[in-house]
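K.L.:
In mature numbering (1 follows the signal peptide of the UniProt record, and there is no 0), the protein residues as written are -24 to -1, 1 to 158.
1. So what does DSSP say about residue 73, is it helix, strand or coil?
2. Kindly list the residues whose CB is nearer than 6 Å to the CB of residue 27, restricted to its own chain and excluding five residues on each side of it in sequence; keep chain order.
3. What did DSSP end up calling residue 146 once you bin it into helix, strand or coil?
4. What residues are listed by DSSP as bridge partners for residue 110?
5. My understanding is that residue 70 touches residue 37, with C-beta atoms under 8 Å, so please give their C-beta distance in whole angstroms.
6. If I'm right that residue 46 touches residue 103 with Cβ under 8 Å, what's the distance once you round it to whole angstroms?
7. Identify which residue in 12, 129 and 63 has its Cα closest to the Cα of residue 40.
8. What three-state label does DSSP hand residue 31 in the structure shown?
9. Drop a sphere of 10 angstroms on the beta-carbon of residue 120, count the other beta-carbons inside from all chains shown, and report buried for 16 or more, exposed for fewer.
10. Pull the bridge partners of residue 84 from the DSSP assignment, please.
11. Quick one, are the C-beta atoms of residue 77 and residue 56 less than 7 Å apart?
12. Suppose the cutoff is 7 Å on Cβ atoms and the five residues either side in sequence are ignored; what does the same chain contact list for residue 9 look like?
13. DSSP on residue 15, reduced to helix/strand/coil?
14. Helix, strand or coil: how does DSSP classify residue 66 here?
15. On the DSSP bridge list, what partners appear for residue 97?
Below you can see the structure in the form of structure tokens.
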């Protein structure tokens, strides 16, 4: 009984000792920046991966020169494939870097020349600006159809195995036309 309680206390101690490390998050690592002038506001746009590739998740940070306090803003993407401007979305604090605006784990879906359109409203008034000609390269790895085809092979093999097992079991239950032996 004593050994059991000691083991339980040790397990609980390890649980509480390792919890802070498990709750820690990886900081945003900015490897490339671009400058944008948005009316009276200068802003640095940071990327956690460079060069950008289609369908590759990354973090974006948007850092006004004098901080985000007292300001609000929106961001819209101009998709090169459709040529249409997406609906503006409010700029929110980055979840892992709360002193700046940002997008966490976002992917640009198509390759081409993207445009980010910003609007900021702050103490110096309203401003609008664009980050143009942001080149997004093709998707890394094999084409999507090849990736999906390869990933479906185990499912197809499983379906064949289940079908074969079901048919064999069905034949044995019927007796396969042979008389039952005692």
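All residues carry an ideal CB built from backbone N, CA and C; glycine is no exception.
P.N.:
Let's see:
1. The sequence position of residue 73 within the chain shown is 97, counting from 1. It is a strand residue.
2. The residue labelled residue 27 in the question sits at position 51 within the chain shown. Within its own chain, the residues whose Cβ lies closer than 6 Å to the Cβ of residue 27, once the five positions on either side in sequence are excluded, are 113, listed in chain order.
3. As a first step, residue 146 is located in the chain shown; it is residue number 170 there, counting from the start. It is helical.
4. As a first step, residue 110 must be located in the chain shown, where it is residue number 134. In the DSSP output, where bridge partners are listed per residue, residue 110 has 90.
5. Reading the chain shown from its first residue, position 94 is the one you call residue 70. Reading the chain shown from its first residue, position 61 is the one you call residue 37. Contact flag correct, Cβ pair sits at about 6 Å.
6. Taking the chain shown and counting its residues from 1, the one referred to as residue 46 is at position 70. Taking the chain shown and counting its residues from 1, the one referred to as residue 103 is at position 127. Rounded, the Cβ-Cβ distance is 14 Å, inconsistent with contact.
7. Start at 1 with the first residue of the chain shown, and residue 40 comes out as number 64. Cα-wise, what sits closest to residue 40 is 12.
8. As a position in the chain shown, residue 31 is number 55, starting the count at 1. In the structure shown, residue 31 sits in coil (DSSP, three-state: anything other than H, G, I, E or B).
9. For the purposes of this step, residue 120 is identified with residue 144 of the chain shown, where counting begins at 1. Sixteen is the threshold: since fewer than 16 other Cβ atoms of the shown chains lie within 10 Å of the Cβ of residue 120, the residue is exposed.
10. As a working mapping, residue 84 is identified with position 108 in the chain shown. DSSP lists no partner for residue 84.
11. As a working note, residue 77 is residue 101 in the chain shown. As a working note, residue 56 is residue 80 in the chain shown. Result no, Cβ atoms of residue 77 and residue 56 do not sit closer than 7 Å.
12. Position 33 of the chain shown, counted from the start, is the residue given in the question as residue 9. 20, 21 and 22.
13. Mapped onto the chain shown, residue 15 falls at position 39. DSSP, read as helix, strand or coil, puts residue 15 in coil.
14. As a working note, residue 66 is residue 90 in the chain shown. Looking at residue 66 - three-state DSSP - the assignment turns out to be strand.
15. Taking the chain shown and counting its residues from 1, the one referred to as residue 97 is at position 121. 48 and 102, per the DSSP bridge assignment.
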